[in-house]
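A.B. asks: Take a look at the following structure, please.
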Amino acid sequence: MTKPEQAVPDTGARNAAIDLLRGLSILLVVMHHVALRIPLRDGALQAWLPRSVLGALSYNGYEAVFLFFVVSGFLIAGNAIDRWGSLAGIDLRAFYLRRSARILPCLLLLLVVLAALHLAGVPFFTIEREGQSLGRALLAVLGLHLNWYEGVTGYLPGNWDVLWSLSIEEAFYLGFPLLCLAIRRETTLLALLALLMLSLPIARAALVGN
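Take a look at the structure:
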């Protein structure tokens, strides 16, 4: 009889390449949001940098968020393997508790602050668009579908709007361990990966003009 696999301690070692990707993503996201308010291609920087470079710095924020998703998936999978020995050995309860402890305290505090600012009528923090409400926005954030909610009703104030990506990431956190436990055969995994790759052009086409 073989001994059951024991959890492998998480070393917490840093990965310089991953940190570089994170830093690049952060820079592109910040530049994108700055460019929405201060068009870089029409400012003083155009005397120093080609318009194509300024355009790349200004309008690749979405791609940078997608890069964040890839990095997050890589880290989550790697940490799971380090901790439990394999993806098939994930402890659901421990996984969800760790993710919840990492996300929920700050998220709930942020939602309390945003709700208070909305109720106080503070400019730029008030949800005023037709078809939107504070309760519905809170439900969308906590229900992991803020991206869909904004797709239907329009953008929320900027301080809410940034949470759209968190909805996608949290949905991944919910589904990832279940998928790992459900897919134990390599052939099934490869088939799903192939299906995912084939779906990417369709998903990308759906974003055109959005």
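Residue numbers (our numbering): 671 to 880.
Where is the CB? At the ideal position from N, CA and C, for every residue including glycine.
Computed from a prediction, not measured in an experiment: that's the story for all the values here.
1. Could you pull the start and end residues of the alpha helix (DSSP H) that Pro630 belongs to?
2. Where does Pro871 sit, in a helix, a strand or coil, going by DSSP?
3. Mind listing, in chain order, the continuous alpha helix (DSSP H) runs of no fewer than 4 residues lying wholly within the stretch 685–747?
4. When you compare each of Leu774, Tyr825, Leu812, Leu780 to Glu798 by their alpha carbons, which one comes out closest?
5. At which residues does the alpha helix (DSSP H) containing Leu789 begin and terminate?
6. Would Leu863 and Ile853 be called neighbours here (beta carbons separated by less than 8 Å)?
7. By alpha-carbon positions, which one of His788, Gly755, Ser770, Phe794 ends up nearest to Phe842?
8. List the endpoints of the continuous alpha helix (DSSP H) containing Thr823.
9. Within the same chain, show all residues whose beta-carbon is closer than 7 Å to that of Val699, passing over the 5 residues directly before and after it, in chain order.
10. Pull up the distance between the alpha-carbon of Glu839 and that of Cys776, whole angstroms please.
11. Measuring CB atoms only, is the stretch 807–827 touching the stretch 748–767, in the sense that at least three cross pairs come out at less than 8 Å?
12. If I follow the unbroken alpha helix (DSSP H) through Leu828, where does it start and stop?
13. Starting from the Cα of Ser742, find the closest Cα among Trp754, Val704, Leu836 and give me that residue.
14. Are the CB atoms of Leu816 and Ala810 within a distance shorter than 8 Å?
15. For Leu633, which residues from the same chain have a beta carbon less than 7 Å from its beta carbon, with the 5 sequence-adjacent residues on both sides left out?
16. Kindly indicate which residue of Arg692, Ile760, Pro709 has the alpha-carbon position closest to the one of Leu737.
17. Please classify Ile872 as buried or exposed, where buried requires at least 16 neighbouring CB atoms within 10 angstroms.
18. Which class does Ile751 belong to by DSSP, given the choice of helix, strand or coil?
19. If we ignore side chains and look at the alpha-carbon of each, how far apart do Gly748 and Ile696 end up?
20. So Gly805 is in the alpha helix (DSSP H); what residue range does that whole segment cover?
C.D. replies: On the basis of the data shown:
1. Residue 630 lies beyond the range of the chain shown here (671 to 880); nothing can be said about it.
2. helix
3. DSSP runs (the alpha helix (DSSP H)) wholly in the stretch 685–747: 686–707, 721–728.
4. Tyr825
5. 762–789
6. Going by C-beta atoms, Leu863 is not nearer than 8 Å to Ile853.
7. It is Ser770 whose Cα lies nearest to the Cα of Phe842.
8. 816–823
9. Gly731, Ala734, Val735
10. Glu839 and Cys776 have their C-alpha atoms spaced approximately 15 Å apart.
11. For the pair of segments examined, the stretch 807–827 was found not to touch the stretch 748–767: the number of CB pairs separated by less than 8 Å stays below three.
12. Here the sequence assigns Gly to residue 828, which means Leu is not the residue at that position. Segment 828–831, the alpha helix (DSSP H) holding Gly828.
13. Leu836
14. The answer is yes: Cβ separation under 8 Å.
15. The question about residue 633 has no answer here: the residues shown for the chain are numbered 671 through 880.
16. Arg692
17. exposed
18. helix
19. 22 Å
20. Here the alpha helix (DSSP H) through Gly805 covers 804–812.
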